[in-house]
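Chains as they are written, first to last, in the working numbering: chain E, 923 to 1509; chain D, 169 to 382. Note that CB positions come from ideal geometry on N, CA and C, so glycine has one too.
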Amino acid sequence: MTQAALERRIESVLETVQKPSRYIGGEVNQVEKPQATTVVALCYPDAYEIGISNQALQILYRQVNARPAMAAERVYCPWPDMADAMRREGLPLFTLETWRPVREVDLLGITLQAELTYSNVLEVLDLAGIPLRAADRGEGDPIVVAGGPSASNPAPLAPFFDAFFMGESEEAFEDVLDAIAGASGRAARLAALAENPHLYLPARGRREVERAIHTEFGIETQPIEVVVPYSSAIFARASVEVMRGCTRGCRFCHAGTWYRPVRERPADQVIEAGLAQLSCTGYDELSLTSLATSDYTDVVPAIEGIKQRMPDLHLSLPSNRVDTGPIAMAAAANARQSSITLAPEAATQRMRDIICKTITDEMIENAIEAAFAAGYTSLKMYFMIGLPRETHAEVQGIVDIGIRAREIGRRVLAGGRFSVHVSASNFVPKPHTPFQWEGMSSRDQLAAKQAYMRRAMPTRQIRLSLHDVRTSMLEGALARGGEDLSDVIERAWRAGARFDAWTEMFAEAAWEAAFAEAGTTIDEVATREYGEWDELPWDHVRSGISKEFLLDEWWQSRAEVATGDCRWDGCADCGACFGPVRNKLMH
Amino acid sequence: MTYRITFAVSGRARFLSHLETVDTLLGALRRAGFDIALSKGMKPRPVISLAMPRAVGIETLADMADVELRGDHEPLDVGERLANHLPMGMTVVSVEPATGKQAASRVESVAYRVEVGEDVDWDAGLAAFAAAETCEVVRTAPKKASKRVDVRRFCTALTHEPGALEMELAVTDAGTARPEELTQAVAALVGATPTIERLVRTAIRLREPVGAHT
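This is the structure:
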């Protein structure tokens, strides 16, 4: 089929599907390089509106396109109506920039941001016409590389990828691009990649692989001319990453260990990058992103500098610490915003000590009071249930804080309209965290706790949101699973599983049958506890955080003792700072 | 000051939805350096309205957006700067100051060109359509009950040339007809099912006092 014929047939199919703008490309700041000799397809295996908002792929897009002879093109997982139409019409998966078949590219990079996208990985490969298993691929097939945080446990998807890249791309992925550009043919390229310390090639056996770290974290790697999505994207705003990493040490948090150490950018560079990005995107909102923006040393100068230049700008600060200072900062950053989000994560002091969330009841109450006093009329609070050693007191505590927040709102706002939104997600233990040895809470326990919260939480001025236990259990099973799960994932996909994170799409029966065929269940894998001497499926992946530190933190959680933050309380010897790699703070 | 921007949408950009089209225009205006006026109230929004929503997949030669910009600008300058920042498939036709009621409340009729296969006896169909007092089609929509619509009452002009129908559809308080509905209705009068190859909105006409815009 000629390219022109392919494009005519794609257009014909687009007439028949929902949201065809997901597939057309052509957005502002898209890069087209028809003369490129090496093409890299960057895939987020979910719908366009989810994937286009991912900042990691925007970084990679800029990084690849900075090479004159190399082109980066984007691809997302087609929604089932489009996938069905493509199969019916015999159309291959294509990139957005050129509508080139994905199978024709040199490197297909797939980011693994969440376990519930794993079935979509197989959907993408199949629609592209690329054999699912690396062992079945031939010389003409692209090299298929995984990246992203969920690649930190490569085992469940190992047979489907030629390689897993561990860590941050900005510096170390250059060697991967060199290897792809410098060799031709699949075998030669795989040979060129084999010795890269940040790549795990499953076909060459299990060996130690190190997480790559962007040590300098200079502003030059912050994308400015980002692709501007069509309006359906979940996040349509400019964003500057002010800080990478977090030293808070929350024991459930994968990002908290995976992105250590902390590296900050100077306020003046953040301001210039933000204004430049606003100018070339046309966004009317700027977000200063990080894992905990209120911890960023230069947060106040950055806010003041931006507001001085653009007083009316909608400036958002996600992931704020539960304290009065950050509330005031957020209010100063954006006077128009009516809602604010706090994440106490756990409702009792005992549980906050277990998970190492170093805030007190008093700080939570003060933060709630400060939020209403600052004029916010919608308060959202995030909690988790199913945490290790949880008792009824913790669940009741969430209800109590919801009620207490309502009382404070009624007092501070004195009859004014407001709402409290309590969200409780289900704890899922993740690799490379102190809770990696813990099993998930059982399905029945989670369901019972949710049922209790629904009964006990008043509905007047309080809204309760709970996560789907079914998808949480699957996420738990996939997150800490071994290579034996690859057959399960393939069977589930063949039985129709895809877009598992979308409640209306979740094919529970397909997954249950796939696990049953392997002689196990979702719950058995998800609730499995590992012993401290067990070899874990991801032990060969070196995150930079020592296993001894994780074990120590796990034991500390059992003793219900929180560990201090190394930003203020001294080094806890986690292993992240080593040689040139160190916390890089502004002051 | 409010400006009436007449713009065209073609190629793959025709797959943008109404909301996406609005956001694309707003983004392009901001990139061009214009300060868009915001509505008053708790949640200020950019002051913009399109004269007539465009169904996904339909091209247009002359859609209209009324948008309020802060400051006074030469319409020609607005048009030139905006044109430099629109994505591929969207182009500026003209920009003029908008006075009086917004265009969205004054649409009188919309003209379309429907490119069709010639396997239908269109001349016979048009004759039968002209002779009919009514011509009903069944309109279906997701999550809505289907309903019968007399497309004859909305059609104010209909001609055929090789490969295409040119039509004008009135926009009334009772609604309007869709170009594909009219095409299907005409073909059905001669027992045929049409092949629609391309749909192009060619003009939006406004009621007085501003006069016709084409």
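Next item on the list: Check the DSSP bridge columns for residue 1305 (chain E) and list the partner residues they point to.
Entry: E:1267 and E:1346
Notebook entry, point to check: Would residue 953 (chain E) count as contacting chain D if we go by Cβ distances under 8 Å?
Noted result: no
Next item on the list: Taking only beta carbons into account, state which residues of the stretch 212-226 of chain D come closer than 9 Å to chain E, listed in chain order.
Entry: 212, 214, 224 and 225
Check: What is the C-beta distance between residue 948 (chain E) and residue 180 (chain D), in whole angstroms, given that I count them as a contact (C-beta under 8 Å)?
Finding: 6 Å
Check: So, helix, strand or coil for residue 1469 (chain E), using DSSP?
Finding: helix
Checklist line | Contact check, residue 1081 (chain E) vs residue 1124 (chain E), beta carbons under 8 Å | finding: yes
Notebook entry, point to check: Run through DSSP, which three-state label would residue 1016 (chain E) get?
Noted result: strand
Notebook entry, point to check: Taking residue 203 (chain D) as the reference, which of E:1326, E:969 and E:1235 has the closest Cα?
Noted result: E:1235
Item checked: Backbone secondary structure at residue 1152 (chain E) - three-state DSSP -> coil
Note to self: If we define contact as Cβ-Cβ less than 8 Å, is residue 1506 (chain E) a contact residue for chain D?
What the structure shows: no
Notebook entry, point to check: Is residue 935 (chain E) helix, strand or coil when you go by DSSP?
Noted result: helix
Next item on the list: Alpha carbon to alpha carbon, how far is residue 1069 (chain E) from residue 1079 (chain E)? Give it in angstroms, no decimals.
Entry: 12 Å
Margin query: Applying the 10 Å Cβ sphere with the 16-neighbour rule, what's the burial state of residue 381 (chain D)?
Written below: Confidence in residue 381 (chain D) is poor, its pLDDT being 47 and thus under 50, which makes the residue's placement unreliable; the coordinate value appears in the next sentence. It is buried - the Cβ of residue 381 (chain D) has at least 16 other Cβ atoms within 10 Å.
Notebook entry, point to check: Between the stretch 1249-1261 of chain E and chain D, which residues of the former have CB atoms less than 8 Å from a CB of the latter, in chain order?
Noted result: 1258 and 1260
Notebook entry, point to check: Does the stretch 1194-1214 of chain E come within contact of the stretch 180-198 of chain D, defined as at least 3 CB pairs closer than 8 Å?
Noted result: yes
Notebook entry, point to check: Should the stretch 1331-1340 of chain E be regarded as contacting the stretch 1387-1394 of chain E, the criterion being three or more beta carbon pairs within less than 8 Å?
Noted result: no
Item checked: Cutoff 8 Å: residue 183 (chain D) Cβ touching any chain E Cβ -> yes
Check: Over what stretch of residues does the beta strand (DSSP E) that includes residue 1229 (chain E) continue unbroken?
Finding: No beta strand (DSSP E) holds residue 1229 (chain E); the alpha helix (DSSP H) holding it covers 1221-1231.
Check: Are the C-beta atoms of residue 236 (chain D) and some chain E residue less than 8 Å apart?
Finding: no
Notebook entry, point to check: Are the beta-carbon atoms of residue 1000 (chain E) and residue 1008 (chain E) separated by less than 8 Å?
Noted result: yes
Check: At a Cβ threshold of 8 Å, is residue 255 (chain D) touching chain E?
Finding: yes
Margin query: Helix, strand or coil for residue 1086 (chain E)? Go by DSSP, reduced to three states.
Written below: strand
Next item on the list: Enumerate in chain order the residues of its own chain whose CB-to-CB distance from residue 1219 (chain E) is below 7 Å, with the five nearest sequence positions on each side excluded.
Entry: 1186, 1507, 1508 and 1509
Check: Which bits of chain E does residue 210 (chain D) rub up against, with CB to CB less than 8 Å?
Finding: 1260
Notebook entry, point to check: Does the Cβ-Cβ distance between residue 1165 (chain E) and residue 1134 (chain E) come in under 8 Å?
Noted result: no
Notebook entry, point to check: In chain E, which residues lie with their C-beta within 9 Å of the C-beta of residue 283 (chain D)?
Noted result: Ordered by position in chain E, no residue passes the 9 Å Cβ test against residue 283 (chain D), which lies about 13 Å from the chain.
Note to self: Between residue 970 (chain E) and chain D, is any beta-carbon pair separated by less than 8 Å?
What the structure shows: no
Next item on the list: Determine the contact status of residue 1397 (chain E) and residue 1037 (chain E), defining contact as a CB-CB distance below 8 Å.
Entry: yes
Next item on the list: Could you tell me if residue 212 (chain D) is buried or exposed, where buried requires 16 or more neighbouring beta carbons within 10 angstroms of its beta carbon?
Entry: exposed
Notebook entry, point to check: For the putative contact between residue 1064 (chain E) and residue 1028 (chain E), defined by C-beta atoms under 8 Å, what is the C-beta separation to the nearest angstrom?
Noted result: 6 Å
Next item on the list: Taking C-beta pairs closer than 7 Å, name the residues in chain D that residue 946 (chain E) reaches, listed in chain order.
Entry: 180 and 183
Margin query: Among E:1445, E:1110 and E:1247, whose alpha-carbon lies nearest the alpha-carbon of residue 1364 (chain E)?
Written below: E:1445
Margin query: With the cut-off set at 8 Å, would you say residue 919 (chain E) and residue 1041 (chain E) are in Cβ contact?
Written below: Here chain E comprises residues numbered 923 to 1509, so residue 919 (chain E) is not present and cannot be evaluated.
Checklist line | Sequence ranges, alpha helix (DSSP H) only - wholly within the stretch 276-333 of chain D, length at least 4 | finding: 290-299
Notebook entry, point to check: What first and last residue would you give for the beta strand (DSSP E) that runs through residue 367 (chain D)?
Noted result: 364-374
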